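Chain order of the listed sequences is A and B.
Using our numbering, read the first sequence as starting at 1 and increasing by one per residue.
Using our numbering, read the second sequence as starting at 296 and increasing by one per residue.
Beta carbons: idealized from backbone N, C-alpha and C, even for Gly.
Quantities reported herein were computed from a predicted structural model and do not represent experimental measurements.
Reading through the structure tokens given below for one structure.
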Amino acid sequence: MFVRSPSSSRLQAVLTLVPVAFVVLSVYVGGVLWAAGISFTRSSMLPNYRFAGFAQYINLFSNARWQVSLGNMALFAAIFIPATLLIGYSMAAMINRGVRGENALRTIYLYPFAMSFIVTGLVWRWLLDPNFGIADVARKLGFENASFNWIVNADMAIFTIIIAAIWHSSGLVMVVLLAGLRGVDDDLWKAIRIEGIPAWKAHLFIIMPSIGASIATALVLMSLTVVRLFDVVVAMTGGGPGIATDVPAKFIIDHMFERQQVGLASAAATTLLLLVLVVAVPLLYLKDRRKGAAR
Amino acid sequence: MTITNSQAPVRRNAYAAPFSRALVYALLIVLAIVALIPLYVMIVTAFKSMEEIRSGTLLSLPHAFSFEHWWKAWNSACTGLRCEGLKVGFVNSFLITIPSVALAIAAGAVTGYALSFWRVRFANVLFTVLLIGGFFPYQVLIYPLVRITSTIGLFNSLAGVIAVHVVFALPVVTLLFRNYFASIPIDLFKAARVDGAGYWRFFFSILLPMSVPMIAVAGILQVTFIWNDYIVGLVFGGINYAPMTVQLNNIVHSTYGEREYNVEMAATLLTSVIPLLVYFTSGRWFVRGVASGAVKG
């Protein structure tokens with residue numbers, strides 16, 4: 001792949017990478033280490049460097065709002081990821097059988113992904129409006145007592161956010177999995193047919209494992225959506241009613257800027273980063289191994 | 296990488312009893328309708344009068360099309376103290392998106408070139424760290440970036456917003472170009488070197504003209520992402536450079552008194568026009584970008 005080259009051009013290549021290296025070192029490495037460092041200080045409005053040990057972390061995990069945020073993120077992940085995977089896989093598997101209008105269907109399924117999460121949140125807030133939204137359609141259809149007030153109900157509001165996010169991401173998962181399905185060997189399908197294996201079994205135990213790399217990619221993308229979850233909450237419920245739909249990303253931004261508790265916010269951000277690494281690194285490793293096996 | 300229709304092996308009838316085929320079409324159509332309902336409701340609501348909306352007709356077409364709330368959303372809806380509508384945000388979003396995308400692509404292409412054709416010490420370490428950085432939650436990087444931009448005087452400025460966007464876009468754009476360049480035969484590079492092409496000559500005269508498809512793919516993806524961004528614009532744009540998404544959210548959430556759903560939906564649609572236009576006119580490229588960026592990563 002690489003060519004031994006005269007040193008002047010080599011030097012150019014090194015010089016090209018200097019700005020990128022600078023950004024990586026100052027932001028992605030330095031910034032993160034600095035933020036992690038701040039989480040061990042007493043910083044409040046402005047960062048200071050008085051060492052506080054794990055005090056911020058102790059505060060963080062005894063903070064009711066943080067507990068709610070983490071719980072919401074876990075619940076969101078537990079429903080959003082399997083549901084989106086199921087819907088996305090179903091779309092991809094059905095499209096992959098060769099249907100008419102494939103391009104149109106794919107375009108329709110993916111368009112929500114081209115919309116911002118703010119727009120997504122605002123549209124679904126309107127659709128799920130207890131007075132004039134879908135509940136009203138149900139009432140007009142004859143279900144006179146239909147009420148659907150999840151979005152203003154502290155126990156149920158988080159589910160409205162999950163619905164909006166599934167709508168936004170299913171098409172993306174479909175595209176990723178369809179690319180995987182297109183790579184499945186035709187002989188495998190033939191063998192499945194000859195053996196007469198039921199479709200659901202074939203998908204679950206044969207096809208899905210054989211597109212493990214694509215599924216891992218989809219999982220990584222969905223996990224990123226989970227930890228970055230912010231815009232849609234801001235647009236849809238503003239974290240409310242009360243703090244019922246608060247999420248870690250919102251907790252961090254609020255404490256950083258409005259409440260000016262930089263140390264606490266940094267502790268929360270560092271915790272979130274560790275969570276990402278714990279989830280993403282094994283998935284990336286799995287993907288790499290799959291790739292290696294396929295080669 | 297390609298997931299265009301044509302080379303799908305003819306897999307028709309893999310399981311296709313006629314019954315199950317009908318079921319498949321039914322399911323696909325139902326899913327398509329569910330996917331389209333929010334867009335449809337957005338459009339019809341934006342054309343209805345408040346009177347009609349209050350009469351409770353979420354799914355019906357408007358009786359009489361009215362346009363004044365479009366004008367209000369664009370020109371005079373209030374975001375907190377100012378009542379200038381979305382037009383300011385629209386301009387800001389352009390001012391932010393175009394340079395950010397151009398710079399991100401330039402930086403990603405040059406970096407990808409240096410990474411894939413040249414043997415530079417520690418380049419792989421650099422690339423790995425950059426890729427891992429692409430997975431960091433924004434919230435972790437935002438505070439350091441606030442400090443960095445305010446130290447160099449770019450906080451609350453257009454240049455600051457653009458710089459932060461470029462930093463956040465760098466991992467994925469670099470990945471796209473590096474993978475694309477890796478698929479170009481090394482012999483081309485060797486031949487050009489033998490003919491005496493220098494570092495930049497090879498990049499500009501040979502590589503760049505070959506990269507038009509990749510530039511289009513990366514451009515379309517980044518235009519969509521950056522136009523749709525909320526958090527970077529919110530934190531780094533200040534009041535003067537708030538992008539459209541930030542203004543939209545402010546308009547909707549700062550209404551006192553009766554909520555004007557038609558204005559809200561008109562504003563929401565106006566904010567989506569550019570990404571939807573980009574998406575529907577370049578759907579295949581968009582799909583290709585998603586697939587190559589995601590799948591190959």
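### Query
Taking just the CA atoms, how far does A/A218 sit from B/A513?
Residue mapping note: residue 513 of chain B aligns to position 218 of the second sequence, counting from 1. Residue mapping note: residue 218 of chain A aligns to position 218 of the first sequence, counting from 1. C-alpha of B/A513 to C-alpha of A/A218: approximately 19 angstroms in a straight line.
### Query
Is it the case that the Cβ atoms of A/A165 and B/P570 are separated by a distance below 9 angstroms?
Counting from 1 along the first sequence, the entry for residue 165 of chain A is found at position 165. Counting from 1 along the second sequence, the entry for residue 570 of chain B is found at position 275. The answer is no: Cβ separation not under 9 angstroms.
### Query
Contact check, A/A244 vs A/R228 under 8 angstroms by CB: the rounded distance?
Locating residue 244 of chain A in the first sequence gives position 244, counting from the first residue. Locating residue 228 of chain A in the first sequence gives position 228, counting from the first residue. No, A/A244 and A/R228 are not in contact; Cβ-Cβ is about 20 angstroms, not under 8 angstroms.
### Task
Report yes or no: is there a C-beta of chain B within less than 9 angstroms of the C-beta of A/R228?
Looking up residue 228 of chain A in the first sequence gives position 228. Using a Cβ-Cβ cut-off of 9 angstroms, A/R228 counts as an interface residue toward chain B, since at least one Cβ of chain B sits closer than that to its own.
#### Entry: Cut-off 7 angstroms between Cβ atoms - residues of its own chain near A/V123, not counting five sequence neighbours on either side
Counting from 1 along the first sequence, the entry for residue 123 of chain A is found at position 123. Cβ neighbours of A/V123 beyond the five flanking positions: none.
### Task
For A/T16, name the three-state secondary structure that DSSP assigns.
Mapped onto the first sequence, residue 16 of chain A falls at position 16. It is helical.
### Query
Is there contact here, the stretch 259-278 of chain A with the stretch 42-52 of chain A, by at least three beta-carbon pairs under 8 angstroms?
Between the stretch 259-278 of chain A and the stretch 42-52 of chain A there are three or more C-beta pairs closer than 8 angstroms, enough to call the two in contact.
### Query
Considering A/R106, what are the terminal residues of the alpha helix (DSSP H) in which it resides?
Position 106 of the first sequence holds residue 106 of chain A. 102-110 is the span of the alpha helix (DSSP H), which, as asked, contains A/R106.
### Task
Using the DSSP secondary-structure output, state which residues sit across from B/T374 in a beta bridge.
Taking the second sequence and counting its residues from 1, the one referred to as residue 374 of chain B is at position 79. Per DSSP, B/R377.
### Task
Could you tell me whether the Cβ atoms of A/V276 and A/L221 are closer together than 9 angstroms?
Position 276 of the first sequence, counted from the start, is the residue given in the question as residue 276 of chain A. Position 221 of the first sequence, counted from the start, is the residue given in the question as residue 221 of chain A. Not in contact: A/V276 and A/L221 (Cβ atoms no closer than 9 angstroms).
### Query
Using a Cβ-Cβ cut-off of 8 angstroms (strictly less than) and excluding sequence neighbours within five positions of B/K382, which residues of its own chain qualify?
One-based indexing of the second sequence puts residue 382 of chain B at position 87. Counting only Cβ-Cβ distances below 8 angstroms, and skipping sequence neighbours, we find W369, N370.
#### Entry: Host alpha helix (DSSP H) of A/L25 (start-end)
Along the first sequence, one-based indexing puts residue 25 of chain A at 25. Per DSSP, A/L25 lies in no alpha helix (DSSP H) segment and is marked neither H nor E.
### Query
Within 9 angstroms (strictly less), CB to CB, does A/A293 reach chain B?
In the first sequence, the residue the question calls residue 293 of chain A occupies position 293. Per-residue confidence for A/A293 stands at a pLDDT of 45, beneath the threshold of 50, marking its modelled position as unreliable; no derived number is given.
### Query
Which residues does DSSP pair with A/T41 in a beta bridge?
Here residue 41 of chain A corresponds to residue number 41 of the first sequence, with the count starting at 1. In DSSP, A/T41 forms a bridge with A/F51.
### Query
Exposed or buried, what is A/F54 when buried is set at 16 or more other beta-carbons lying within 10 Å of its beta-carbon?
As a working mapping, residue 54 of chain A is identified with position 54 in the first sequence. Answer is exposed; the Cβ neighbour count stays below 16.
### Message
With a threshold of 7 angstroms on Cβ separation, who are the neighbours of A/L178 within its own chain once the five nearest residues in sequence on each side are excluded?
### Response
Indexing the first sequence from 1 puts residue 178 of chain A at position 178. Shown here for A/L178: same chain residues with a beta carbon closer than 7 angstroms to its own, the five before and five after excluded, namely A92, I95, N96 in chain order.
### Message
Rounded to the nearest angstrom, what separates A/V247 and A/D129 at their Cα positions?
### Response
Numbered from its first residue, the first sequence carries residue 247 of chain A at position 247. Numbered from its first residue, the first sequence carries residue 129 of chain A at position 129. Answer to the nearest angstrom: the Cα atoms are 22 angstroms apart.
### Task
Quick one: measure Cβ to Cβ for B/L323 and A/V20, integer angstroms, because I've assumed they're closer than 8 angstroms.
Here residue 323 of chain B refers to the residue found at position 28 when the second sequence is read from its first residue. Here residue 20 of chain A refers to the residue found at position 20 when the first sequence is read from its first residue. Taking C-beta atoms under 8 angstroms as the contact rule, B/L323 and A/V20 fail to qualify, at a distance of about 44 angstroms.
### Message
According to DSSP, is A/G212 part of a helix, a strand, or is it coil?
### Response
Sequence index remark: in the first sequence, residue 212 of chain A carries index 212 (1-based). When DSSP states are grouped into helix, strand and coil, A/G212 belongs to the helix group.
### Task
Could you name each continuous alpha helix (DSSP H) segment of 4 residues or more that falls completely within the stretch 316-370 of chain B, going from the start of the chain to the end?
With a minimum length of 4 residues, the continuous alpha helix (DSSP H) runs that stay inside the stretch 316-370 of chain B are 345-349, 363-370.
### Query
In the stretch 20-32 of chain A, which residues sit with their C-beta less than 9 angstroms from some C-beta in chain B, listed in chain order?
Of all residues in the stretch 20-32 of chain A, only V20, A21, V23, V24, L25, S26, V27, Y28, V29, G30, G31, V32 place a beta-carbon less than 9 angstroms from a beta-carbon of chain B.
### Message
Could you compute how far the alpha carbon of B/G592 sits from the alpha carbon of B/L470?
### Response
Translated into positions along the second sequence, residue 592 of chain B becomes position 297. Translated into positions along the second sequence, residue 470 of chain B becomes position 175. Low per-residue confidence applies at B/G592: pLDDT is 39, beneath 50, and the placement is therefore not dependable, though the value from the model is reported in the following sentence. Those two C-alpha atoms are separated by around 7 angstroms.
### Task
Between the Cα of B/E379 and those of B/V568, B/R554, B/L572, B/Q542, spot the shortest distance and give me the residue it belongs to.
The count along the second sequence starts at 1 and reaches residue 379 of chain B at position 84. Here the closest residue by C-alpha is B/Q542.
### Query
In terms of residues, what are the limits of the alpha helix (DSSP H) holding B/G491?
For the purposes of this step, residue 491 of chain B is identified with residue 196 of the second sequence, where counting begins at 1. That residue, B/G491, is in no alpha helix (DSSP H); it is neither H nor E in DSSP.
### Query
What residue range is occupied by the uninterrupted alpha helix (DSSP H) comprising A/S90?
Counting from one through the first sequence, the residue named residue 90 of chain A turns up at place 90. Residues 64-96.
### Message
Using beta carbons (cut-off 9 angstroms, strictly below), is B/T563 in contact with chain A?
### Response
Here residue 563 of chain B refers to the residue found at position 268 when the second sequence is read from its first residue. Yes, B/T563 lies at the interface with chain A (some Cβ there is under 9 angstroms from its Cβ).
#### Entry: With 16 other Cβ atoms within 10 Å as the buried cut-off, status of A/L75
Looking up residue 75 of chain A in the first sequence gives position 75. The residue in question, A/L75, is exposed, as its Cβ has fewer than 16 Cβ neighbours within 10 Å.
### Task
Give me the Cβ distance between A/V173 and A/T84, rounded to the nearest whole Å; I'm assuming they're in contact under 8 angstroms.
To locate residue 173 of chain A, count along the first sequence from 1; it is residue 173. To locate residue 84 of chain A, count along the first sequence from 1; it is residue 84. Confirmed, Cβ separation roughly 5 angstroms.
#### Entry: Rounded straight-line distance, which links the Cα of B/A399 to that of A/S69
As a working note, residue 69 of chain A is residue 69 in the first sequence. As a working note, residue 399 of chain B is residue 104 in the second sequence. Spanning the two alpha carbons is a distance of roughly 33 angstroms.
#### Entry: Cα-Cα separation, B/I338 to B/K367
Residue numbering aside, residue 338 of chain B sits at position 43 when the second sequence is read from its first letter. Residue numbering aside, residue 367 of chain B sits at position 72 when the second sequence is read from its first letter. One C-alpha to the other measures close to 16 angstroms.
### Query
Which two residues bound the contiguous alpha helix (DSSP H) that contains B/N523?
Position 228 of the second sequence, counted from the first residue, corresponds to residue 523 of chain B. Residues 507-523.
### Task
Please confirm whether A/L33 and A/A267 have their CB atoms less than 9 angstroms apart.
One-based indexing of the first sequence puts residue 33 of chain A at position 33. One-based indexing of the first sequence puts residue 267 of chain A at position 267. Cβ atoms of A/L33 and A/A267: not closer than 9 angstroms.
### Task
Would you grab the beta carbon distance between A/I252 and A/A280 for me? Rounded to a whole angstrom, and I think it's under 8 angstroms.
In the first sequence, the residue the question calls residue 252 of chain A occupies position 252. In the first sequence, the residue the question calls residue 280 of chain A occupies position 280. With 8 angstroms as the limit, A/I252 and A/A280 do not qualify as a contact, their Cβ atoms being about 18 angstroms apart.
### Query
Listing by chain order, which chain B residues have their CB less than 7 angstroms from the CB of A/K140?
If you number the first sequence from 1, residue 140 of chain A lands on position 140. Result: G351.
### alpha helix (DSSP H) runs contained entirely in the stretch 130-186 of chain A, provided each spans 4 or more residues
Runs of the alpha helix (DSSP H) inside the stretch 130-186 of chain A: 134-140, 157-182.
### Query
If the cut is a Cβ gap below 9 angstroms, which residues of chain A does B/Y475 touch?
Stepping through the second sequence from its first residue, residue 475 of chain B is reached at position 180. Within chain A, no C-beta atom comes less than 9 angstroms from the C-beta of B/Y475; the nearest is roughly 14 angstroms away.
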